[in-house]
Amino acid sequence: MSENLKAEQVSLEAKDPFELRVDLGQHVSETDVHRALAGGDMGFIHSFTTGSTVDGPGVRVVAWLTGCQFRCLYCHNPDTWRMTNGVPVTLEKAKAQLRKYGHGLKMMKGGLTISGGEPLMQDRFVIKLFTAAQTMGIHTALDSNGYLGSRLTDADLEKIDLVLLDIKSWDSERHRRLTGMDIDPVLNFARRLSSRRKPVWLRYVLVAGLTDDLEDIAQTANFVASLGNVERVDVLPFHQMGAFKWKQLGIEYKLQDAEPPSKETVERVCAQFRGEGLKVY
Ligand code: SF4
């Protein structure tokens, strides 16, 4: 499999994931995409970013993978939905990239976070890269919507030190309207992580009028607290930084008039999670 010229001209490192990237793997044949997904020796990567302090403990390198089966109304990175928008990168090249950061990451008590898109669309590549990271002594964190958690064996889970799990809504109807997909596989993965005592940070994107329902959040907070393995909750106020991508990709964007949630709403939602005994940031 060869990476196309356009992809080779693009730096794997980005300032942030808000760079619009499209069609960088479009010349990879369908057969090679399937082979890559089955074996994990090739991944499709939107970009690597460095210096994050919000995607896991310490200072992180984040690999943003392409491919996602959700269609969240508030998605900030719709260019990550299609796998072949990403740069095709061999596992060896990704490991070499990681090795460059290895010493600094250990010094700063950080690690590698794999995000997306939805990284478990490329579960074999993710596990192989995490295995390499752990061999280098680098902490590993998976940022996932959880829907494909059943793809991971118990042995795979050992390669993940921390899961950053998104729960988008407790209410199944609302979840489907918001993401296009069912909530049950996400909750099942959350329960499985709990039964294995795997550390989890919960991420909750807060959009006024969409994910700020009092009862919905009360149920989410109650469930999350009952798991016993959620170390912290990050309430992430919606913003419009990804809006330009929807426009440039020609996808209908329903939140163009949505405002970030008010300070009062953010405080109320944080208080709801705190009220269940959870640490909230
Ligand atoms: S799960 Fe994440 S990447 Fe996928 S559509 Fe939702 S916000 Fe976007």
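The working numbering applies: residue 1093 is where the sequence shown begins, and numbers increase by one. Think of the CB as a built atom: it goes at the ideal place given N, C-alpha and C, for glycine as much as any other residue. Please read all numbers here as calculations on a predicted model, not as lab measurements.
From the DSSP output, in three-state form, read off Thr1312 for me.
helix
Buried versus exposed, by CB contacts within 10 Å (16 or more), Asp1274
exposed
Report the residue ranges of all beta strand (DSSP E) runs contained in full by the segment 1215-1270; include only those spanning at least 3 residues, in chain order.
1231-1236 and 1254-1258
C-alpha distance - Arg1288 paired with Lys1371, whole-angstrom precision
21 Å
Coil, strand or helix - Trp1338 by DSSP
Residue state for Trp1338 is assigned as helix, using DSSP reduced to three classes.
Note down, in chain order, each residue of its chain lying with its Cβ closer than 7 Å to the Cβ of Cys1160, except the 5 sequence neighbours on either side.
Thr1172, Trp1173, Gly1208, Gly1209, Glu1210 and Met1213
From the DSSP output, in three-state form, read off Phe1401 for me.
Nothing in the structure corresponds to residue 1401, since the chain is present only between 1093 and 1373.
Can you round the beta-carbon distance between Tyr1239 and Val1297 to whole angstroms, since I take them to be within the 8 Å contact cut?
With a Cβ gap of about 15 Å, Tyr1239 and Val1297 do not count as contacting.
Gly1131, buried or exposed, once every other Cβ within 10 Å from all chains shown has been counted against 16:
exposed
Name the DSSP bridge partner or partners of Val1102?
Its beta-bridge partners do not exist; DSSP assigns none.
Limits of the beta strand (DSSP E) - the one that Thr1205 falls within
Gly1203 to Ser1207
Going by DSSP, what residue range makes up the beta strand (DSSP E) through Leu1279?
From DSSP, Leu1279 is part of no beta strand (DSSP E) but of the alpha helix (DSSP H) over Asp1276 to Ser1287.
DSSP state of Pro1318 mapped onto helix, strand, coil
Here residue 1318 is Ser; the residue named in the question, Pro, does not match the sequence. Looking at Ser1318 - three-state DSSP - the assignment turns out to be helix.
Can you look up Leu1129 in the DSSP assignment and give me helix, strand or coil?
Three-state result, Leu1129: helix.
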